Amino acid sequence: MEKRIYIIGAGFAGQTIADDIKRKKIFGKVNAFLDDDKKLIGSMIEGIPVLGPIDSVTSVLNNSDYDEAIIAIPSAPNERIKEIYETLTKNGFSHIKILPGISQVISGTAHFVQTREIDPLDILGRTPIAISLKKSLNYLRGKRVLITGAGGSIGSELARQLLSGGAERLYLFGHGENSICQIFRELKVLQQEGVGEKATIVPIIGDMRDRNYTDYIIQRTKCDVIFHCAAYKHVPMMEENQVAAIENNVFGTKNLLDASLKHKVGRFVLISTDKAVAPVSVYGVSKMLCEKLVLDAAKKASAEQAIMFVRFGNVLGSRGSILPLFQNQIKTGGPITVTDEKMERFFMTIPEACSLVLQAGGVGHNGKSYLLDMGEPIKIIELAKQIIKFSGLEPYKDIDIKIVGARKGERLTEPLWLKEENPTQTEYPKLLQLTNKEYSSERLSSLLKKLEPICFYDDNKSELFRDKEKLVNILCEDCQSLKEFYETVKNDGQQRTELL
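Just so you know, we're using this note's numbering here: the sequence shown kicks off at 65 and counts up by one.
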């Protein structure tokens, strides 16, 4: 039996997907377009009928478990996508795909290969801002672009969007063989299906902690632009492996910056995080120091270079984030675990964050720091309830929600900026500029000198190698927020012990 496909949206995106399916003859047959436009309802487009309105006509379709719906309205707000999804599921559609947001669809062009199974990301949070990638990526045309951590959530999405930037070469740098292999293969398939432009894609397996290798790679690739996404970033995991957090994040970033200065890389963009603001974890301190290293390197940059960082909060759906965690907990019957009823975070979808980062990379100036406007914070417990409902279940009835308490290095709210950083609006929507809070070169150099023998073996200081306690003491001496947080946790622990 041939699969019947219903395309929701008879606009240009929907029509190009229908044409793609018709041409390849391997995905099934487009049975109809569903649309709300009264001018289109009742018409035929390339022999395919347009039915509507969506909410009423869906209930009379004679669909089977084999049928599939594709939502192809990339400009629709999240609220409308949610309504359409609920209408489709209510009327028996179990196979529902969606075309990605407008940020990934250049000039209306869409391909079947770009569609994917709908997930909670498509209906949670606010509607992402629409950015014309074709316009904002002009600065990358003909350039060589290197992404560190290219196999991660942010790095891989940057790579997908960069396919449309007209770059000459796209270097995918990372130390995880499997993740780099996965994104490399995905990009090659996208190119074969006509997505993006004909950039040469080069996978590079390596470790930025290796100073000589990092210098060699930056020199050899002759890259013009670096998007530095690579980092160890899971807070509780890094609290168990604190030396590794500093070794990888801080010294790896320094190696990249030194090589970029030496070999005249035109643009360097560090991806930073709200955990770097008044940090209360070693991971947070590591990212704060990365920001300081970027600002320090910018002072040494030539007139042709621009070195900057872009900071933002949580992204929905990244590896290790709460969304996939909640989904896995639902699959096993629950409960969903939430730290605290009051815990809240700022959220943005990965595609929107990446589009803004790419824009900032083009319009940003040397030595400047930028912040993405994350909107209003969302309570984690409310997010848990929405994900349960998305799964067709009822919170507390089908899936319980359990409050488990904070883990190491966590706080109830994450500030996006310090008061002194005073974010101001740029001429670009959702992109703010911060007032820099710099470290002197002497302070940075002295701190790194103390940390280096702990992270890297030195015959003359062998007793310091991997000394976690010494590392934390050094960081607490330098970072008041970390010191205060650790002292509070220590005092709370003593009080609980005394009560017992």
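Ideal placement from N, C-alpha and C gives every residue a C-beta, glycine not left out. Predicted, not measured: the structure shown is a model, and the values here were computed from it.
Outcome for residue i when other beta-carbon atoms lying within 10 angstroms are tallied against a minimum of 16
| i | result |
| --- | --- |
| residue 536 | buried |
| residue 561 | Note that residue 561 scores a pLDDT of 35, beneath 50, so its modelled location is shaky; the value from the coordinates is reported in the next line. Under this definition residue 561 is an exposed residue. |
| residue 476 | exposed |
| residue 392 | exposed |
| residue 499 | exposed |
| residue 117 | exposed |
| residue 496 | buried |
| residue 488 | exposed |
| residue 27 | The structure shown has nothing for residue 27, since the chain only spans 65 to 564. |
| residue 416 | buried |
| residue 524 | exposed |
| residue 108 | exposed |
| residue 483 | exposed |
| residue 397 | exposed |
| residue 317 | buried |
| residue 493 | exposed |
| residue 224 | buried |
| residue 292 | buried |
| residue 126 | exposed |
| residue 522 | exposed |
Whole-Å CB distance - residue i paired with residue j, under 8 Å assumed
| i | j | result |
| --- | --- | --- |
| residue 375 | residue 413 | The pair is not a contact, with the Cβ atoms about 17 Å apart (cut-off 8 Å). |
| residue 133 | residue 152 | 5 Å |
| residue 332 | residue 290 | 5 Å |
| residue 98 | residue 70 | 6 Å |
| residue 201 | residue 229 | 4 Å |
Whole-angstrom distance between residue j and residue i, CA atom to CA atom
| i | j | result |
| --- | --- | --- |
| residue 169 | residue 512 | Low confidence applies here, because residue 169 scores a pLDDT of 47, under 50, leaving its location unreliable and the question unanswered by this model. |
| residue 167 | residue 302 | At residue 167 the pLDDT is 47, less than 50, meaning the model places this residue with poor confidence and gives no usable figure here. |
| residue 82 | residue 411 | 33 Å |
| residue 357 | residue 325 | 12 Å |
| residue 468 | residue 183 | 26 Å |
| residue 282 | residue 91 | 42 Å |
| residue 295 | residue 311 | 10 Å |
| residue 64 | residue 438 | Because the chain here runs from 65 to 564, residue 64 falls outside it and cannot be looked at. |
| residue 270 | residue 319 | 13 Å |
| residue 191 | residue 360 | 36 Å |
| residue 209 | residue 532 | 36 Å |
| residue 449 | residue 479 | 24 Å |
| residue 394 | residue 461 | 12 Å |
| residue 124 | residue 401 | 40 Å |
| residue 287 | residue 211 | 10 Å |
| residue 308 | residue 472 | 16 Å |
| residue 67 | residue 474 | 48 Å |
| residue 84 | residue 141 | 25 Å |
| residue 501 | residue 453 | 43 Å |
For residue i, the residue or residues it bridges with in DSSP
| i | result |
| --- | --- |
| residue 272 | According to DSSP, residue 272 bridges with nothing at all. |
| residue 108 | 113 |
| residue 372 | 333 |
| residue 378 | 411 |
| residue 467 | 402 |
| residue 443 | 408 |
| residue 132 | 69 |
| residue 347 | Beta-bridge pairing links residue 347 to no other residue. |
Three or more C-beta pairs closer than 8 Å, one from the region 223 to 237 and one from the region 254 to 272: is that the case here?
-> yes
Given 8 Å as the limit, is there contact between the region 443 to 459 and the region 380 to 392, that is, 3 or more CB pairs closer than that?
-> yes
Kindly confirm or deny that the region 343 to 360 and the region 544 to 555 touch, where touching means at least three C-beta pairs closer than 8 Å.
-> yes
Determine, using beta-carbon pairs with one atom in the region 302 to 312 and one in the region 253 to 263, whether at least three such pairs fall under 8 Å.
-> no
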